[in-house]
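Visitor: Okay, handing you the structure first.
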Amino acid sequence: KQANESKCSLGSNPPALTAKPNKSTTTQADYHLLHVLVSFMWLWLFSFQLVYVALVYLLRILSGFSCSASMVSLLCFSFMQYEGAVAEDGRSPSVWDTFTQAGKMSDKSTGDVAADGYHKYKDDVKLMVDTNLEAYRFSISWSRLIPNGRGAVNPKGLEYYNNLINELVQHGIQVHVMLSHLDFPQVLDDEYAGWLSPKIVEDFTAFADVCFREFGDRVSYWTTIDEPNVSALGSYDNALFAPGRCSNPFGITNCTVGNSTVEPYIAAHNMILAHASATRLYREKYQAAQKGGVGINVYSSWSYPMTNSDVDVEAAKRYLDFVFGWILEPLVSGDYPDVMKKNVGSRLPSFTKSQSQVVKGTVDFIGINHYYSMYVNDRPLDKGTRDYSADMSLYQRASKTIPGSSKVIFSTMLVRETTSLNYF
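The numbering of the sequence shown is full-length UniProt numbering, which starts it at 1 and goes up by one.
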């Protein structure tokens with residue numbers, strides 16, 4: 001579907017919201033729009049303690065900023081950046097607790113306190129109201145809601161998220177919920193290696209079922225998994241994210257466990273299956289009554305060919321297939337892009353015929369987290385041991401003329417139009 005144009009202005013009042021507790025504020029047509037979600041999640045690469053300061057500062061900047069009805073001003077954070085209270089009220093450790101408490105962050109920070117949103121959410125909602133923020137997207141801690149990864153629901157976790165959602169709705173702020181942002185209970189990593197096992201599909205779907213049932217009367221926008229393409233790489237290729245698996249020479253550290261050549265593809269495959277399973281569940285069990293939508297957010301850098309040569313133009317297309325197509329193509333056609341199947345070969349999992357039918361068509365909206373664009377040129381496919389980056393068979397740089405340049409190019413419209421035309 002063609003994405004709607006959106007115009008924003010400074011200094012005018014945003015459209016009035018009439019949200020009431022326990023009622024959806026969005027229409028059936030809303031979730032057919034392609035949402036360009038401006039994300040500040042990368043703050044956690046520097047320090048959890050920066051997040052609250054950044055939240056306050058950003059909300060002050062947003063004061064007076066308004067958009068047309070087809071676009072809303074939205075702020076988002078993951079629970080690990082925001083909540084804190086990692087050992088309170090029955091919450092169990094997550095893989096990020098294990099990762100950060102082992103000193104894996106560059107500044108040795110943890111999410112133990114973070115922005116202390118578990119205790120200060122009312123203050124933060126007031127800040128949102130004061131700055132005319134229209135929507136807030138947050139992730140739910142699986143470890144807080146279902147501490148054992150499956151089975152019994154934690155009443156205190158349920159109470160916290162109900163209180164947060166009610167506070168948002170009562171103040172006319174549209175609620176967007178992410179079910180997974182780079183995290184899951186440590187107990188599931190211990191039991192079956194988390195996203196590396198197909199067992200997680202059933203457990204994730206059961207977790208999603210609890211969220212849909214308990215919060216769906218007030219939530220119209222559900223994101224199953226945030227940036228699965230980044231999560232798979234950061235967690236299972238270069239070990240930048242929890243649980244920190246990789247194999248030499250591909251990791252940023254000297255990894256002792258993992259296989260960077262295959263595990264990212266396995267993890268992403270199971271994420272796609274989990275997304276599809278949760279989406280099918282919502283459609284069959286909740287959508288008719290709740291009238292919400294389920295989507296997925298993808299990391300979406302853009303590529304320009306370094307030269308006009310045929311091989312560089314093809315490299316730019318290949319880049320998009322590996323970045324966008326890796327996640328979105330299965331949700332549209334039921335299979336991975338041909339170039340990925342060719343370059344990755346047997347290391348890329350395949351969908352069975354029934355799995356292909358299940359994943360195909362399981363997006364009501366596509367979330368785009370766009371940070372920068374790259375210039376790329378062709379690189380012969382390495383015949384040796386390869387990870388995801390080598391499988392792309394290209395060179396990347398931020399500037400045509402300055403190697404290693406930090407210049408950032410934003411190509412939001414190109415990203416949006418390509419996604420709309422090819423995947424929606």
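Glycine is no exception: its CB is placed at the ideal position from the N, C-alpha and C atoms.
Predicted model only: the values in this text are computed from it and were never measured.
Under the assumption that E263 contacts Y236 (Cβ atoms under 8 Å), give the Cβ distance between them as a whole number of angstroms.
Guide: Within the sequence shown, the letter at position 263 stands for residue 263. Within the sequence shown, the letter at position 236 stands for residue 236. So it is a contact: roughly 4 Å between Cβ atoms.
Visitor: Using 8 Å as the Cβ pair cut-off and three pairs as the minimum, do the region 286-299 and the region 220-230 touch?
Guide: yes
Visitor: Three or more C-beta pairs under 8 Å: does that hold for the region 319-336 against the region 355-373?
Guide: Touching, yes, given that three or more Cβ pairs across the two stretches are closer than 8 Å.
Visitor: Leaving out five residues on either side along the sequence, give the residues of the same chain with a beta carbon under 6 Å from the beta carbon of A278.
Guide: For the purposes of this step, residue 278 is identified with residue 278 of the sequence shown, where counting begins at 1. For A278, where only same-chain residues beyond five positions count, the Cβ hits under 6 Å are T205, A208 and T224.
Visitor: Determine the direct distance from the alpha carbon of F322 to that of E329, and round the result to whole angstroms.
Guide: Here residue 329 refers to the residue found at position 329 of the sequence shown. Here residue 322 refers to the residue found at position 322 of the sequence shown. Going by the C-alpha atoms only, they are around 10 Å apart.
Visitor: Within the continuous beta strand (DSSP E) that includes T362, where are the two ends?
Guide: Taking the first residue of the sequence shown as position 1, residue 362 is located at position 362. Going by DSSP, T362 is part of no beta strand (DSSP E) at all; its letter is neither H nor E.
Visitor: If distances are taken between C-alpha atoms only, which option among D382, R397 and G149 comes closest to S376?
Guide: Numbered from its first residue, the sequence shown carries residue 376 at position 376. A quick correction: the sequence has Val, not Ser, at residue 376. Nearest C-alpha to V376 among D382, R397 and G149: R397.
Visitor: Among L320, T352 and R347, which has the Cα closest to the Cα of P337?
Guide: As a first step, residue 337 is located in the sequence shown; it is residue number 337 there, counting from the start. The residue with the shortest Cα to Cα distance from P337 is L320.
Visitor: Considering only C-alpha positions, which residue in the set T98, F99, T110 and G90 is nearest to Y82?
Guide: As a first step, residue 82 must be located in the sequence shown, where it is residue number 82. The shortest C-alpha separation from Y82 is found at T110.
Visitor: Any idea if L37 is buried or exposed, counting beta-carbon neighbours within 10 angstroms, 16 or more meaning buried?
Guide: Along the sequence shown, read from residue 1 onward, the residue named residue 37 stands at position 37. For L37, the pLDDT reaches just 32, beneath the cut-off of 50, and the residue's location in the model is therefore unreliable, leaving the point undetermined.
Visitor: Could you check whether M128 and I173 sit closer than 7 Å to each other, using their CB atoms as the reference points?
Guide: On the sequence shown, position 173 is the one that residue 173 refers to. On the sequence shown, position 128 is the one that residue 128 refers to. Cβ distance < 7 Å, so I173 and M128 count as in contact.
Visitor: Output the distance between the C-alpha atoms of G258 and N238, rounded to the nearest integer angstrom.
Guide: If you number the sequence shown from 1, residue 258 lands on position 258. If you number the sequence shown from 1, residue 238 lands on position 238. C-alpha separation (whole angstroms): 10 Å.
Visitor: With a CB to CB cut of under 6 Å and the five nearest residues on each side skipped, what residues in its chain are close to H275?
Guide: Working through the sequence shown from its first residue, we reach residue 275 at position 275. Excluding its 5 nearest sequence neighbours in each direction, H275 has C-beta neighbours in its own chain below 6 Å: T224, I225 and I296, listed in chain order.
Visitor: Taking a contact to mean a Cβ-Cβ separation below 7 Å, would you say L133 touches Y265 in this structure?
Guide: On the sequence shown, residue 133 is found 133 positions in, with the first residue counted as 1. On the sequence shown, residue 265 is found 265 positions in, with the first residue counted as 1. At the C-beta level, L133 and Y265 stay beyond 7 Å of one another.
Visitor: Under 6 Å Cβ to Cβ from H181, same chain only, skipping five residues before and after it: list those, please.
Guide: Within the sequence shown, residue 181 is the residue found at index 181, counting from 1. These residues qualify, in order along the chain: S78, S139 and D226.
Visitor: With DSSP run on the structure shown, which of helix, strand or coil describes V129?
Guide: Here residue 129 is taken as the residue at index 129 of the sequence shown, counted from 1. In this structure, V129 counts as helix in the three-state DSSP scheme.
Visitor: Let's see if you can read the secondary structure: which residues bound the alpha helix (DSSP H) around N163?
Guide: The residue you call residue 163 lines up with position 163 of the sequence shown. Run containing N163: P155 to Q170, per the alpha helix (DSSP H) assignment.
Visitor: Could you round the C-beta distance between Y121 and E167 to whole angstroms and report it? I think they count as a contact, below 8 Å.
Guide: As a working mapping, residue 121 is identified with position 121 in the sequence shown. As a working mapping, residue 167 is identified with position 167 in the sequence shown. Confirmed, Cβ separation roughly 6 Å.
Visitor: Buried or exposed, going by whether 16 or more other CB atoms sit within 10 Å of the CB of T256?
Guide: Along the sequence shown, read from residue 1 onward, the residue named residue 256 stands at position 256. The residue in question, T256, is exposed, as its Cβ has fewer than 16 Cβ neighbours within 10 Å.
Visitor: Taking the alpha helix (DSSP H) that T98 belongs to, which residues open and close that run?
Guide: Walking along the sequence shown from the start, residue 98 turns up at place 98. Where T98 is concerned, the enclosing alpha helix (DSSP H) stretches over V95 to Q101.
Visitor: At 3 residues or longer, and completely inside the region 340-385: list those beta strand (DSSP E) runs for me, N to C.
Guide: 365-369 and 373-378
Visitor: Please report the Cβ distance between G84 and A114, rounded to the nearest whole angstrom; I am assuming they are in contact, meaning their Cβ atoms lie under 8 Å.
Guide: The residue given as residue 84 occupies position 84 in the sequence shown. The residue given as residue 114 occupies position 114 in the sequence shown. Correct: roughly 4 Å between the Cβ atoms.
Visitor: Taking S277 as part of the alpha helix (DSSP H), name the residues at either end of that continuous run.
Guide: Residue numbering aside, residue 277 sits at position 277 when the sequence shown is read from its first letter. Residue range E263 to K285 is occupied by the alpha helix (DSSP H) that includes S277.
Visitor: DSSP state of A135, grouped into three classes?
Guide: Sequence index remark: in the sequence shown, residue 135 carries index 135 (1-based). A135: strand per DSSP, three-state reduction.
Visitor: For L394, list the residues DSSP reports as bridge partners.
Guide: As a first step, residue 394 must be located in the sequence shown, where it is residue number 394. DSSP lists D378 as partners of L394.
Visitor: Select from D310, W302 and K353 the residue whose C-alpha is nearest the C-alpha of I368.
Guide: The residue you call residue 368 lines up with position 368 of the sequence shown. Measuring from the Cα of I368, the nearest candidate turns out to be W302.
Visitor: Using DSSP with H/G/I as helix, E/B as strand and the rest coil, what is N422?
Guide: As a first step, residue 422 must be located in the sequence shown, where it is residue number 422. Looking at N422 - three-state DSSP - the assignment turns out to be helix.
Visitor: Beta carbon of Q186, beta carbon of V86: below 7 Å?
Guide: The sequence position of residue 186 within the sequence shown is 186, counting from 1. The sequence position of residue 86 within the sequence shown is 86, counting from 1. If you check the CB distance, Q186 and V86 do not come in under 7 Å.
Visitor: Could you check the C-alpha separation between G234 and S373 for me, to the nearest Å?
Guide: Counting from 1 along the sequence shown, the entry for residue 234 is found at position 234. Counting from 1 along the sequence shown, the entry for residue 373 is found at position 373. Between G234 and S373, the C-alpha separation is close to 19 Å.
Visitor: Secondary structure at N259, three-state DSSP: helix, strand or coil?
Guide: On the sequence shown, residue 259 is found 259 positions in, with the first residue counted as 1. Correct three-state label for N259: coil.
Visitor: Roughly how many angstroms separate the alpha carbons of Q290 and Y221, rounded to a whole number?
Guide: Against the sequence shown, residue 290 aligns to sequence position 290. Against the sequence shown, residue 221 aligns to sequence position 221. Between Q290 and Y221, the C-alpha separation is close to 11 Å.
Visitor: Can you pull the DSSP bridge partners for G295?
Guide: As a position in the sequence shown, residue 295 is number 295, starting the count at 1. Note: G295 is bridge-paired with T223 and F365 in the DSSP secondary-structure output.
Visitor: With the cut-off set at 7 Å, would you say T261 and D387 are in Cβ contact?
Guide: Translated into positions along the sequence shown, residue 261 becomes position 261. Translated into positions along the sequence shown, residue 387 becomes position 387. Between T261 and D387, the CB-CB gap stays under 7 Å.
Visitor: Just to confirm before moving on: does the CB-CB distance between D378 and V344 stay below 7 Å?
Guide: Residue numbering aside, residue 378 sits at position 378 when the sequence shown is read from its first letter. Residue numbering aside, residue 344 sits at position 344 when the sequence shown is read from its first letter. No.
Visitor: Could you check which residue in T131, P249 and D97 has the C-alpha nearest to that of S141?
Guide: The residue given as residue 141 occupies position 141 in the sequence shown. For the residues T131, P249 and D97, the minimum Cα distance to S141 belongs to D97.
Visitor: How many angstroms separate the CA atom of N422 from the CA atom of R137?
Guide: Locating residue 422 in the sequence shown gives position 422, where the first residue counts as 1. Locating residue 137 in the sequence shown gives position 137, where the first residue counts as 1. Straight-line Cα distance between these residues: approximately 26 Å.
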